[in-house]
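Trainee:
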Amino acid sequence: MMGDERERDGGRGLRTQDLFDVRGKVALVTGGSRGIGAMIAEALAVNGAKARHSSVYVSSRKADACTKFAKYVNERCRLLAEQDQQERDAACQCTPATTTARTTPASTRTATTTTTTVTARRATARGSCHPLPADLSSFDGCGALFAAFQRTGEPRLHILVNNAGATWGEALETHPESAWDKLLNLNVKAAFRLVQLFLPLLKAAATEAAPASIINVGSITGIGVSLTDTYSYAASKAAIHHMTRVLASKLAEDHICINAIAPGPFPSKMTKALLEQLGDEVVSAVPMHRVGRPADMAGVTLLLCSRAGAYITGAVIPVDGGMLVKASL
Ligand SMILES: NC(=O)c1ccc[n+]([C@@H]2O[C@H](COP(=O)([O-])OP(=O)(O)OC[C@H]3O[C@@H](n4cnc5c(N)ncnc54)[C@H](OP(=O)(O)O)[C@@H]3O)[C@@H](O)[C@H]2O)c1
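Everything in the sequence shown is counted per our numbering, starting at 1 for the first residue and increasing by one.
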């Protein structure tokens, strides 16, 4: 079997540009206006391809924040596409004439220089980013996001990232019921409801060779035990990890992979106060001696959303610089 597959594609499928290819995919990232969601959305957009209609939709409550972030990403995509074009132009100027003459069909083989110039000047572009604001704290809010997505006319959804989340730090003695309601509604129930709603569109995008992908953003706080007073948050994150496993078993037959990312400390609005007050202590608790970077989140996202991750489902992947495995006596 292995040999057959290699034979069919001549080994092309093992190249990084094929294995980690997310071009042509449509993605929805909740909480995509800032922080970890923004890191994920940008990674998907800049690796997209407009010619193959890659679109990344970012959602959060604040419409202006979604719009501002989408504009920023589209500008990044435009600048990167310009750089791609310049690199192609430079490469073409160096390309030996014989290369083009050999690969160009005879009927189109006029002057070699003309052919290469036309190829080089063909417009290239990256993906595009679009705002889709919604409040996901209730099933109704999730329904409103689904209705808004339907209005875009997208017939398929290849990637759903359930990232929107909130935290609550308060002492055990006073940790209120409202914290439990807020965090379970947003961090767990909304993710489940969005899977329910988007299932037909995910199924429409999924194939055996290129499954659709759902990423749930959990936390290492849902695996290890934090010293912070985040009782309802830790429970909500453990819940989404297990929901990921349960749904993975169910969705595999539909060629939908669902995994959870469990981030360690990443700079964001959520962690701003903690990192300002206890940044040194946090970093010293991380074996890699640093907080997470956008590229760390981009890497795991591209793995889980491309053919490289087509056989990974039900996994909870810590992205934490080793924080969970820090040795202690
Ligand atoms: N940063 C870390 O170190 C860390 C570590 C582990 C896990 N995580 C997880 O990573 C995810 C993202 O966190 P972050 O650190 O990037 O936090 P963040 O900067 O506070 O971002 C949270 C995002 O969720 C949106 N959001 C909040 N409430 C919402 C609601 N009711 N409906 C829709 N969107 C809502 C926010 O936008 P609006 O305010 O406009 O709605 C924002 O886009 C969360 O699930 C968090 O638990 C983060």
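For every residue, glycine included, the Cβ atom is placed at its ideal position computed from N, Cα and C.
Values in this document were obtained by computation on a predicted structure and should not be read as measured data.
1. At what residues does the alpha helix (DSSP H) containing A273 begin and finish?
2. Can you give me the C-alpha to C-alpha distance between M323 and G10, rounded to a whole angstrom?
3. State yes or no: is the C-beta of N410 nearer than 6 Å to some heavy atom of ligand 1?
4. Does DSSP put H241 in a helix, in a strand, or in coil?
5. Going by Cα to Cα distance, which pick from H241, D140 and R307 is closest to I159?
6. Would G141 and V56 be called neighbours here (beta carbons separated by less than 7 Å)?
7. On the three-pair Cβ rule with 8 Å, is the segment 175-191 touching the segment 202-212?
8. What residues match up with A27 in a beta bridge as DSSP calls it?
9. Return helix, strand or coil for G11, following the three-state DSSP convention.
10. Just to confirm my understanding: we take A65, look at its own chain, exclude 5 residues before and 5 after, and list those with CB closer than 7 Å. What are they?
11. Go ahead and pull the three-state DSSP assignment for P131.
12. May I have the straight-line CA-CA distance separating T228 from R293, to the nearest angstrom?
13. Return yes when at least one heavy atom of ligand 1 lies under 6 Å from the C-beta of G31, else no.
14. DSSP beta-bridge partners for C257?
15. Per DSSP, what kind of secondary structure is A45 in: helix, strand or coil?
16. Measuring only the C-alpha atoms, how far is E177 from E75?
17. Let me check one thing: in DSSP terms, what residues is A315 bridge-paired to?
18. For A262, which of helix, strand or coil comes out of DSSP?
19. Less than 6 Å separating the Cβ of A260 from some heavy atom of ligand 1?
20. Would you mind sorting T113 into buried or exposed? The rule is 16 or more other CB atoms within 10 Å of its CB.
21. Write down the C-beta distance between A191 and I240 rounded to the nearest angstrom, noting that I regard them as a contact closer than 8 Å.
22. When burial is assigned at 16 or more other CB atoms within 10 Å of the CB, is Y311 buried or exposed?
23. Using only CA atoms, which one of I258, A81 and A235 lies nearest to L202?
24. Which of the three DSSP states is assigned to R34 in this structure?
25. Alpha carbon to alpha carbon, what distance is there between E154 and K25?
26. Could you give the distance in angstroms between the alpha-carbon of R193 and the alpha-carbon of A134?
27. For P267, name the three-state secondary structure that DSSP assigns.
28. Report the rounded CA-to-CA distance for M39 versus A298, giving the unit in angstroms.
29. Name the residue from L251, D18 and G279 whose alpha carbon lies nearest to the alpha carbon of P211.
30. Excluding five sequence neighbours on each side, which residues of the same chain lie with their C-beta closer than 7 Å to the C-beta of A179?
31. Given A235, which residues of its chain have a CB within under 7 Å of its CB, disregarding the five upstream and five downstream residues?
32. Answer yes or no: does any C-beta atom of chain D fall closer than 7 Å to that of V325?
33. Taking 6 Å as the cut-off, is the CB of R293 close to at least one heavy atom of ligand 1?
34. Residues in the same chain with beta-carbon distance under 6 Å from L245, minus the five sequence neighbours each way, listed in chain order, please.
35. Given a threshold of 16 other Cβ atoms within 10 Å of its Cβ, counted over all protein chains shown, does V325 qualify as buried or as exposed?
36. Following the continuous alpha helix (DSSP H) through D21, name the residue where it begins and the one where it ends.
Mentor: Once the coordinates are examined:
1. First-last of the alpha helix (DSSP H) with A273: K272 to S284.
2. Their backbone Cα atoms lie some 41 Å apart in a straight line.
3. It is not possible to answer for residue 410, since the shown part of the chain is limited to 1 through 329.
4. helix
5. R307
6. no
7. no
8. V56 and I159
9. coil
10. S33 and R34
11. strand
12. 22 Å
13. yes
14. Bridge partners of C257: S213.
15. Assigned with DSSP and collapsed to three states, A45 falls in helix.
16. Linking E177 to E75 through their CA atoms gives a straight-line distance of about 43 Å.
17. The partner list for A315 (beta bridge, DSSP) is empty, contrary to what the question assumes.
18. Three-state result, A262: strand.
19. Outside the cutoff, so no.
20. At T113 the pLDDT is 36, less than 50, meaning the model places this residue with poor confidence; the figure from the coordinates comes in the next sentence. Its Cβ having fewer than 16 others within 10 Å, T113 is exposed.
21. 6 Å
22. Exposed: under 16 other Cβ atoms inside 10 Å.
23. I258
24. coil
25. 11 Å
26. 14 Å
27. coil
28. 6 Å
29. L251
30. W168, E170 and S232
31. none
32. Reference to chain D is not applicable here, since this structure consists of a single protein chain.
33. Outside the cutoff, so no.
34. Correcting the residue identity first, residue 245 is Arg in this sequence and not Leu. Here the set comprises G314.
35. Burial call: exposed.
36. Per DSSP, D21 belongs to no alpha helix (DSSP H) and is neither H nor E.
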